[in-house]
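Below is one structure; the comments refer to it alone.
In this note's numbering, the protein residues as written are 20 to 603.
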């Protein structure tokens with residue numbers, strides 16, 4: 020008989036979206052998006068909303084939480100400039116934007132957008148009183164749609180730093196814990212330097228306002244999202260930089276429409292899955308390929324270990340979520356239900372074969388992703404606290420549930436026990452935390468891994484633990500398959516599961532229904548553990564192959580398969596890491 024143990028909050032898995040735009044974002048309005056924050060909330064709750072194509076769009080199942088994150092730069096301004104009843108309609112810029120001359124209208128609109136990139140706002144469009152009123156409407160709407168325990172709305176926005184450096188993305192989303200928010204958002208008109216944003220967040224915290232930043236699309240940062248030596252302004256990285264960043268930016272989007280930011284084949288040549296949904300081209304639609312070093316999450320975690328070993332600080336102890344960055348007041352994360360990222364730029368199958376001022380090839384966009392959180396309840400406070408402690412995970416769209424704990428002395432039969440989760444919390448660390456300290460670390464740590472398929476998606480193929488460490492000053496990484504479907508076992512030499520034989524038809528998109536698992540779990544020990552070696556571990560869960568959204572488009576329209584992207588993919592989930600830090 021097992022002895023009684025204290026009960027710990029077991030938490031529930033919630034799936035939501037912390038990055039969605041509406042017509043109140045200038046780039047969305049420019050692309051003829053005409054649905055606002057209210058429609059975004061209705062869409063997240065499972066209702067159908069209008070799309071620029073003339074169709075209705077709807078999720079197959081509602082989300083648990085949502086943050087509407089329109090760009091803080093000119094937030095809600097363009098719709099007012101086009102509204103003849105607005106007080107802004109008499110402005111010279113409004114007259115130009117509504118001119119009967121199409122060429123003049125286009126020139127005026129581009130002129131407004133260019134001021135965003137240059138950080139030189141039009142004074143009449145950033146008046147404090149005007150910005151305050153628009154921002155308060157966001158807060159009030161979030162309050163209106165908030166249903167604690169059922170559907171959570173979080174107040175947020177996007178800080179859009181890109182214009183200071185040509186084509187480079189340094190954007191962050193800012194999420195607040197409650198409706199107690201500042202009078203106006205901090206925008207890139209205030210500063211394009213991430214450190215200024217973090218310092219502003221410090222100031223808000225001192226005033227009793229809790230918020231955090233989440234960086235996204237590091238893959239499009241040209242190596243600047245995760246520097247290894249100098250900060251944005253050229254100052255050397257130091258402990259102050261690391262502490263400031265860690266305090267205010269605990270999370271990164273690892274997957275979204277504009278590509279995966281996990282890793283890159285050039286960074287992880289021995290990882291067969293490193294090429295998943297790579298976009299690569301920087302912002303601007305010119306096809307400029309960015310620098311990979313400093314642009315991907317796994318590389319940043321490794322850089323953090325290097326900095327910690329050499330200088331005693333680590334700026335990159337962050338967790339991961341997924342998000343869509345949809346600009347149609349929607350989250351197009353389902354491959355068979357993908358309707359594009361941004362208005363008329365990619366709102367139809369034909370338009371998705373082209374490019375725009377944003378990206379050279381829209382077909383390389385991903386139907387991704389979602390944020391998963393392990394929270395005590397579906398409330399603002401519980402979800403925000405899960406984000407802050409990094410007990411969060413990402414998926415490329417499906418609602419795959421995944422748990423990940425690290426510890427030292429769990430019973431070998433823990434996965435068979437009814438109190439397994441309580442034992443895991445009591446004797447270990449959840450995703451996003453450090454392994455507990457221990458006097459004797461001669462034995463390797465244990466890792467409890469559990470994954471469950473999305474009932475509406477494909478079966479699970481394998482679960483992997485990915486380890487990173489530094490040896491003789493050089494970064495190292497290893498992918499271990501730790502749980503295989505269909506009764507298969509990882510090869511002890513290659514650490515790979517055999518192929519389970521799952522297939523997908525390119526003519527019907529039918530998938531194998533007799534291969535894969537609904538649930539995979541294991542208690543795994545690192546076979547290569549060295550007590551003196553700092554390391555991080557995270558989990559990646561892979562589904563069986565399914566059709567990519569571009570293949571669904573071809574199937575429905577008769578368009579040929581694109582040669583720019585693979586016809587199938589393996590949807591996946593990623594956990595935040597668990598870190599091992601040797602004593603001293």
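Using N, Cα and C, we set each Cβ at its ideal position, and we do this for glycine too.
Model, not experiment: these values are computed from the prediction.
Per DSSP, residue 84 forms a beta bridge with which residues?
Residue 84 is bridged to 35 and 171.
Using a Cβ-Cβ cut-off of 7 Å (strictly less than) and excluding sequence neighbours within five positions of residue 579, which residues of its own chain qualify?
Here the set comprises 573.
If you draw a straight line from the C-alpha of residue 100 to the C-alpha of residue 108, how long is it?
Cα-Cα distance, rounded: 5 Å.
How should residue 475 be labelled, buried or exposed, when 16 other C-beta atoms within 10 angstroms of its C-beta is the threshold for buried?
By the neighbour-count rule (16 or more Cβ atoms within 10 Å), residue 475 is not buried but exposed.
Strictly by DSSP, which residues pair up with residue 481?
Paired residues: 503 and 561.
Suppose you measure from the CA of residue 76 to the CA of residue 495; what does that come to, to the nearest Å?
The alpha-carbon atoms of residue 76 and residue 495 are separated by roughly 44 Å.
Should the stretch 385 to 403 be regarded as contacting the stretch 334 to 346, the criterion being three or more beta carbon pairs within less than 8 Å?
Yes: the two stretches touch, three or more of their Cβ pairs being nearer than 8 Å.
When the Cα atoms are used, what is the spatial distance from residue 259 to residue 345?
Between residue 259 and residue 345, the C-alpha separation is close to 35 Å.
Starting from the N-terminal side, write out each stretch of the beta strand (DSSP E) that is 3 residues or longer and does not extend beyond the stretch 356 to 400.
List check, beta strand (DSSP E) in window: 389 to 394.
Taking its Cβ as the centre, do 16 or more other Cβ atoms sit within 10 Å of residue 599, making it buried, or is it exposed?
Result: buried.
Assign residue 25 to buried or exposed, taking buried as 16 or more other Cβ atoms, counted over all protein chains shown, within 10 Å of its Cβ.
Only weak support is given to the placement of residue 25: the predicted model assigns it a pLDDT of 43, under 50, and the value that follows is read from those uncertain coordinates. That one is exposed.
Taking residue 298 as the reference, which of 318, 321 and 274 has the closest Cα?
Considering only alpha carbons, the answer is 274.
Do you know offhand how far residue 505's Cα is from residue 451's?
If you take the alpha carbons of residue 505 and residue 451, they lie about 30 Å apart.
Looking only at its chain, what residues have a beta carbon closer than 6 Å to the beta carbon of residue 415, apart from the 5 residues adjacent to it on each side?
These residues qualify, in order along the chain: 274, 387, 388, 590 and 591.
Of all the options 240, 152 and 139, which has the alpha carbon lying nearest to the alpha carbon of residue 213?
Comparing Cα positions, the closest option is 240.
Have a look at 537, 545 and 148 and flag the residue whose alpha-carbon is nearest the alpha-carbon of residue 561.
Ranking the options by Cα distance to residue 561, first place goes to 537.
Return yes when the Cβ of residue 596 is within less than 8 Å of the Cβ of residue 550, no when it is not.
Not closer than 8 Å, so no.
Quick check for students: name the residue ranges of the beta strand (DSSP E) that lie wholly in the stretch 203 to 291, counting only runs of 3 or more.
Counting only runs of 3 or more, we get 230 to 234 and 270 to 275.
What's the gap between the Cα of residue 66 and the Cα of residue 159?
Taking the straight line from one Cα to the other gives about 21 Å.
Take residue 233 and list the residues in its own chain whose beta-carbon comes closer than 6 Å to its own, dropping the five residues that flank it on each side.
Closer than 6 Å at Cβ, skipping near neighbours: 192 and 270.
Tell me the DSSP secondary structure of residue 191 in three-state form.
In this structure, residue 191 counts as strand in the three-state DSSP scheme.
Sort out for me which residues DSSP pairs residue 489 with in a bridge.
Bridge partners of residue 489: 494.
On the criterion of 16 or more Cβ atoms from any shown chain inside 10 Å, does residue 54 qualify as buried, or is it exposed?
By the 10 Å Cβ count, residue 54 comes out buried.
Going by DSSP, which residues form a beta bridge with residue 544?
Bridge partners of residue 544: 465.
I need the boundaries of the alpha helix (DSSP H) containing residue 164, first residue and last residue.
From DSSP, the alpha helix (DSSP H) with residue 164 extends over 147 to 164.
Just confirm the distance between the C-beta atoms of residue 38 and residue 358, as a whole number of angstroms; I'd bet it's less than 8 Å.
The pair is not a contact, with the Cβ atoms about 17 Å apart (cut-off 8 Å).
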